[in-house]
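1 is the number of the first residue of the sequence shown in UniProt numbering; add one for each residue after it.
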Amino acid sequence: MSTATAEKVDDELWSAIGDPTRRRMLDLLLVEGGGTATTLSQQLPVTRQAVAKHLGVLDRVGLVRATPAGREKRYRVDDAQLARAVAQLASVGSAWDARLRRIKRIAEAIQRAQQD
């Protein structure tokens with residue numbers, strides 16, 4: 001996978017996770033081991049149709065996988081993709097921590113120089 005393609009996938013992944021309703025849906029799917037648009041809509045303040053659209057977004061980025069369940073689809077979290085997302089978030093967090101430490105050192109050096 002090219003870097004540009006990897007970045008696009010990552011942007012789509014983070015865009016999908018960025019929505020609070022979709023994060024709540026992921027939480028529910030993890031706790032309950034799966035669910036349908038109907039079962040999720042009963043626990044969320046949105047319509048079944050809205051839940052189905054959100055599930056479609058999560059499916060496109062690979063965070064959930066659908067299997068036929070009668071007239072509906074049953075969704076489960078894709079553990080590997082979720083682990084990848086968590087690892088990326090941890091990596092981004094570490095990178096920002098390092099940047100902030102460098103900024104702090106620079107600010108402290110400037111402050112010391114101004115005091116001298």
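All C-beta atoms in this analysis are idealised placements derived from N, C-alpha and C, irrespective of residue type, glycine included.
Since we're looking at a predicted model, the values are computed, not measured.
Report the residue from the options whose alpha carbon sits nearest the alpha carbon of residue i.
i: GLU72; options: GLU32, VAL57, THR39, ASP78; result: THR39
i: THR67; options: ARG60, VAL61, ARG76; result: ARG76
Let me confirm a value: residue i is counted as buried when at least 16 other C-beta atoms fall within 10 Å, else exposed. Which label applies?
i: GLY33; result: exposed
i: SER91; result: exposed
i: VAL31; result: exposed
i: ASP19; result: exposed
Are the beta-carbon atoms belonging to residue i and residue j less than 8 Å from one another?
i: ASP78; j: LEU63; result: yes
i: VAL86; j: ALA16; result: no
Using a C-beta cutoff of 8 Å, does residue i count as contacting chain C?
i: LEU55; result: Absent here is chain C; the protein component of the structure consists of one chain.
Query raised in the report: Do three or more CB pairs link the segment 54 to 62 to the segment 91 to 103 at distances below 8 Å?
Result: Touching, no.
Requested in this report: Entirely within the segment 20 to 107 and at least 3 residues each: give me those beta strand (DSSP E) ranges in chain order.
Outcome: As far as the segment 20 to 107 is concerned, its whole beta strand (DSSP E) runs of at least 3 residues are 64 to 69, 72 to 77.
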